[in-house]
Amino acid sequence: NDPRIGVEDLACGAPLAPGETARCEATYTLTQAEVDAGGFTNTATVTARPPAIAADPDPTPVTDTDDSALEIEHAPSIGLVGVATPADEESFNTRPEAGDEIIATAVVTNTGNVTLTNIRPLVDLLSGIVCPKDTLAADESMTCTAGSYFLTQADINRGSVVGTGAMIGTPPTGPEVQASTSTVVPLQ
48 NDPRIGVEDL
58 ACGAPLAPGE
68 TARCEATYTL
78 TQAEVDAGGF
88 TNTATVTARP
98 PAIAADPDPT
108 PVTDTDDSAL
118 EIEHAPSIGL
128 VGVATPADEE
138 SFNTRPEAGD
148 EIIATAVVTN
158 TGNVTLTNIR
168 PLVDLLSGIV
178 CPKDTLAADE
188 SMTCTAGSYF
198 LTQADINRGS
208 VVGTGAMIGT
218 PPTGPEVQAS
228 TSTVVPLQ
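Residue numbers (this note's numbering): 48 to 235.
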(Lines of atoms letter the chains of each structure in order from A and count residues from 1; the text may use other names and numbers.)
(Lines give C-alpha, C1' and ligand atoms only; values in the text may rest on other atoms or scores of the structure.)
Protein backbone atom coordinates (compact mmCIF):
# COMPACT_ATOMS: atom_id res chain seq x y z
CA ASN A 1 0.00 0.00 0.00
CA ASP A 2 1.23 3.49 -0.91
CA PRO A 3 -1.15 6.37 -0.15
CA ARG A 4 0.88 8.98 -2.08
CA ILE A 5 0.73 6.94 -5.26
CA GLY A 6 -2.83 5.83 -4.51
CA VAL A 7 -2.01 2.12 -4.60
CA GLU A 8 -3.79 -0.40 -2.41
CA ASP A 9 -3.35 -4.14 -2.53
CA LEU A 10 -0.77 -4.12 -5.31
CA ALA A 11 -0.02 -7.75 -6.14
CA CYS A 12 3.71 -8.42 -6.12
CA GLY A 13 3.77 -11.90 -7.57
CA ALA A 14 3.80 -15.44 -6.29
CA PRO A 15 4.19 -16.42 -2.63
CA LEU A 16 7.68 -15.84 -1.24
CA ALA A 17 9.80 -18.63 0.18
CA PRO A 18 12.24 -17.76 2.99
CA GLY A 19 15.02 -15.51 1.62
CA GLU A 20 13.21 -14.71 -1.63
CA THR A 21 12.41 -11.19 -2.80
CA ALA A 22 9.73 -9.69 -5.01
CA ARG A 23 9.58 -6.34 -6.77
CA CYS A 24 6.41 -4.26 -6.69
CA GLU A 25 6.19 -1.36 -9.13
CA ALA A 26 3.75 1.53 -9.45
CA THR A 27 3.93 4.79 -11.40
CA TYR A 28 3.59 8.24 -9.91
CA THR A 29 3.54 11.62 -11.68
CA LEU A 30 5.32 14.44 -9.86
CA THR A 31 3.39 17.62 -9.14
CA GLN A 32 4.85 21.06 -9.76
CA ALA A 33 4.60 21.74 -6.02
CA GLU A 34 6.84 18.73 -5.32
CA VAL A 35 9.39 19.88 -7.90
CA ASP A 36 9.32 23.40 -6.43
CA ALA A 37 9.83 21.92 -2.95
CA GLY A 38 12.94 20.07 -4.14
CA GLY A 39 11.55 16.59 -3.58
CA PHE A 40 9.41 14.57 -1.24
CA THR A 41 9.44 11.57 1.06
CA ASN A 42 7.32 8.58 0.15
CA THR A 43 6.15 5.95 2.63
CA ALA A 44 5.05 2.48 1.54
CA THR A 45 3.78 -0.44 3.59
CA VAL A 46 3.93 -4.11 2.69
CA THR A 47 1.73 -6.77 4.29
CA ALA A 48 1.91 -10.54 3.87
CA ARG A 49 0.01 -13.43 5.37
CA PRO A 50 1.90 -16.48 6.65
CA PRO A 51 0.46 -19.85 5.61
CA ALA A 52 -2.21 -21.35 7.82
CA ILE A 53 -1.23 -24.39 9.84
CA ALA A 54 -3.24 -26.68 12.06
CA ALA A 55 -2.00 -24.94 15.20
CA ASP A 56 -2.76 -21.48 13.75
CA PRO A 57 -5.48 -21.65 11.09
CA ASP A 58 -5.78 -17.84 10.92
CA PRO A 59 -2.24 -16.43 11.30
CA THR A 60 -1.67 -12.72 11.95
CA PRO A 61 -0.36 -10.87 8.89
CA VAL A 62 3.20 -9.52 9.01
CA THR A 63 3.90 -5.97 7.91
CA ASP A 64 6.78 -3.56 7.34
CA THR A 65 6.97 0.14 6.41
CA ASP A 66 9.78 2.03 4.70
CA ASP A 67 10.41 5.65 3.72
CA SER A 68 12.11 6.71 0.51
CA ALA A 69 13.29 10.29 -0.10
CA LEU A 70 13.50 11.70 -3.61
CA GLU A 71 15.54 14.86 -4.16
CA ILE A 72 14.78 16.96 -7.24
CA GLU A 73 17.42 19.33 -8.53
CA HIS A 74 16.19 22.82 -9.33
CA ALA A 75 17.08 24.13 -12.79
CA PRO A 76 15.50 27.60 -13.02
CA SER A 77 15.63 29.43 -16.34
CA ILE A 78 13.71 32.16 -18.15
CA GLY A 79 13.45 32.98 -21.85
CA LEU A 80 12.48 36.21 -23.59
CA VAL A 81 11.64 36.97 -27.22
CA GLY A 82 10.83 40.51 -28.28
CA VAL A 83 8.71 41.46 -31.28
CA ALA A 84 8.25 44.97 -32.66
CA THR A 85 5.75 45.68 -35.45
CA PRO A 86 4.44 48.85 -37.05
CA ALA A 87 0.96 49.91 -35.98
CA ASP A 88 0.11 50.68 -39.62
CA GLU A 89 1.95 48.00 -41.59
CA GLU A 90 0.92 49.22 -45.07
CA SER A 91 1.91 52.84 -44.52
CA PHE A 92 5.12 51.81 -42.77
CA ASN A 93 6.20 49.50 -45.59
CA THR A 94 5.64 52.28 -48.15
CA ARG A 95 7.70 54.89 -46.34
CA PRO A 96 8.33 55.07 -42.59
CA GLU A 97 8.27 58.59 -41.20
CA ALA A 98 9.00 60.30 -37.91
CA GLY A 99 5.97 59.92 -35.66
CA ASP A 100 5.02 56.45 -36.99
CA GLU A 101 4.04 54.11 -34.18
CA ILE A 102 5.87 50.86 -33.37
CA ILE A 103 4.08 48.39 -31.07
CA ALA A 104 6.33 46.11 -29.04
CA THR A 105 5.47 42.82 -27.34
CA ALA A 106 7.59 40.35 -25.44
CA VAL A 107 6.98 36.62 -24.96
CA VAL A 108 8.31 35.47 -21.60
CA THR A 109 8.73 31.71 -21.07
CA ASN A 110 9.66 29.75 -17.97
CA THR A 111 12.23 27.43 -19.56
CA GLY A 112 13.21 25.78 -16.28
CA ASN A 113 11.67 23.07 -14.11
CA VAL A 114 10.47 25.19 -11.17
CA THR A 115 7.84 27.91 -10.76
CA LEU A 116 9.13 31.46 -11.19
CA THR A 117 7.54 34.29 -9.20
CA ASN A 118 8.00 38.05 -9.09
CA ILE A 119 8.62 38.17 -12.86
CA ARG A 120 9.33 41.76 -13.83
CA PRO A 121 11.28 43.93 -16.27
CA LEU A 122 14.94 44.38 -15.44
CA VAL A 123 15.93 46.58 -18.37
CA ASP A 124 13.36 48.23 -20.58
CA LEU A 125 14.70 50.71 -23.11
CA LEU A 126 11.84 50.68 -25.60
CA SER A 127 8.82 51.40 -23.39
CA GLY A 128 7.00 50.19 -20.28
CA ILE A 129 6.51 46.40 -20.29
CA VAL A 130 3.20 45.25 -18.79
CA CYS A 131 2.66 41.53 -18.18
CA PRO A 132 -0.67 39.85 -17.39
CA LYS A 133 0.78 38.13 -14.30
CA ASP A 134 4.01 37.76 -12.36
CA THR A 135 4.18 33.99 -11.90
CA LEU A 136 4.87 31.24 -14.46
CA ALA A 137 4.90 27.48 -13.93
CA ALA A 138 7.55 25.40 -15.70
CA ASP A 139 7.14 25.52 -19.51
CA GLU A 140 4.45 28.22 -19.25
CA SER A 141 4.58 31.38 -21.40
CA MET A 142 2.89 34.76 -21.40
CA THR A 143 2.83 37.68 -23.78
CA CYS A 144 3.68 41.04 -22.29
CA THR A 145 2.93 44.32 -24.03
CA ALA A 146 5.77 46.77 -24.16
CA GLY A 147 3.61 49.64 -25.31
CA SER A 148 4.21 51.99 -28.19
CA TYR A 149 7.26 53.79 -29.49
CA PHE A 150 7.04 56.67 -31.96
CA LEU A 151 9.81 56.97 -34.52
CA THR A 152 12.05 60.01 -34.42
CA GLN A 153 13.83 61.63 -37.32
CA ALA A 154 17.10 60.31 -35.86
CA ASP A 155 15.68 56.75 -36.15
CA ILE A 156 14.78 57.40 -39.80
CA ASN A 157 18.26 58.84 -40.50
CA ARG A 158 19.91 55.86 -38.80
CA GLY A 159 17.81 53.39 -40.85
CA SER A 160 16.59 51.29 -37.94
CA VAL A 161 15.27 51.37 -34.41
CA VAL A 162 16.41 48.91 -31.74
CA GLY A 163 14.35 47.86 -28.75
CA THR A 164 16.14 46.13 -25.90
CA GLY A 165 14.57 44.55 -22.84
CA ALA A 166 15.29 42.10 -20.06
CA MET A 167 13.10 40.19 -17.63
CA ILE A 168 13.96 38.66 -14.27
CA GLY A 169 12.22 36.03 -12.15
CA THR A 170 12.59 34.45 -8.72
CA PRO A 171 12.82 30.63 -8.30
CA PRO A 172 11.82 28.85 -5.05
CA THR A 173 15.49 28.70 -4.02
CA GLY A 174 18.73 30.15 -5.29
CA PRO A 175 19.54 33.30 -7.24
CA GLU A 176 17.16 35.07 -9.59
CA VAL A 177 17.29 34.24 -13.29
CA GLN A 178 17.13 36.70 -16.17
CA ALA A 179 16.98 36.89 -19.95
CA SER A 180 17.40 39.74 -22.40
CA THR A 181 16.40 40.40 -25.99
CA SER A 182 16.97 42.95 -28.71
CA THR A 183 14.57 43.67 -31.55
CA VAL A 184 15.70 45.56 -34.63
CA VAL A 185 13.11 47.24 -36.85
CA PRO A 186 14.65 48.21 -40.20
CA LEU A 187 13.45 51.53 -41.62
CA GLN A 188 13.66 51.48 -45.40
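Yeah, the Cβ is synthetic: ideal placement off N, Cα and C, and Gly gets one too.
Bridge partners - residue i, DSSP secondary structure assignment
i: Cys178; result: Answer is none; Cys178 lacks a bridge partner.
i: Gln79; result: Gln79 is not bridged to any residue.
i: Val241; result: Within the shown structure, residues of the chain are numbered from 48 to 235, placing residue 241 beyond reach of any answer.
i: Pro233; result: Ser207
Boundaries (first-last residue) of the alpha helix (DSSP H) holding residue i
i: Asp113; result: No alpha helix (DSSP H) holds Asp113; the beta strand (DSSP E) holding it covers 109 to 118.
Chain-order list of residues whose beta-carbon lies under 6 Å from that of residue i (same chain, five-residue window excluded)
i: Ile52; result: Ala73, Tyr75
i: Thr216; result: According to the sequence displayed, residue 216 carries Gly and not Thr. Within the same chain, Gly216 has close Cβ partners Ile125, Leu163, Ile166, Val224.
i: Ala58; result: none
Same chain, Cβ closer than 8 Å to residue i, five either side skipped, listed in chain order
i: Asp111; result: Thr92, Val93
i: Thr228; result: Leu127, Val128, Gly129, Ala153, Thr211, Gly212, Ala213
i: Pro233; result: Gly206, Ser207
i: Asp135; result: Asp147, Glu148
Limits of the unbroken beta strand (DSSP E) element including residue i
i: Val208; result: 207 to 217
i: Val54; result: It is not in any beta strand (DSSP E) - Val54 carries neither H nor E in the DSSP assignment.
i: Gly86; result: 86 to 95
Pick from the options that is closest to residue i, judged by C-alpha positions
i: Val231; options: Thr164, Thr190, Ile203, Ile176; result: Ile203
i: Phe197; options: Asp147, His121, Ala102, Asp103; result: Asp147
i: Glu120; options: Gln235, Glu136, Ser195, Ala84; result: Ala84
i: Pro219; options: Leu169, Asn160, Ile176; result: Asn160
i: Thr90; options: Ala80, Ala151, Asp114; result: Asp114
i: Leu77; options: Cys71, Phe87, Gly221; result: Phe87
i: Val155; options: Pro98, Ala193, Pro143; result: Ala193
Contact set for residue i: own chain, Cβ-Cβ below 7 Å, skip 5 residues either direction
i: Lys180; result: Met189
i: Glu55; result: Asn48
i: Gln200; result: Ala145
With 16 other Cβ atoms within 10 Å as the buried cut-off, status of residue i
i: Pro123; result: buried
i: Ala101; result: exposed
i: Ala151; result: buried
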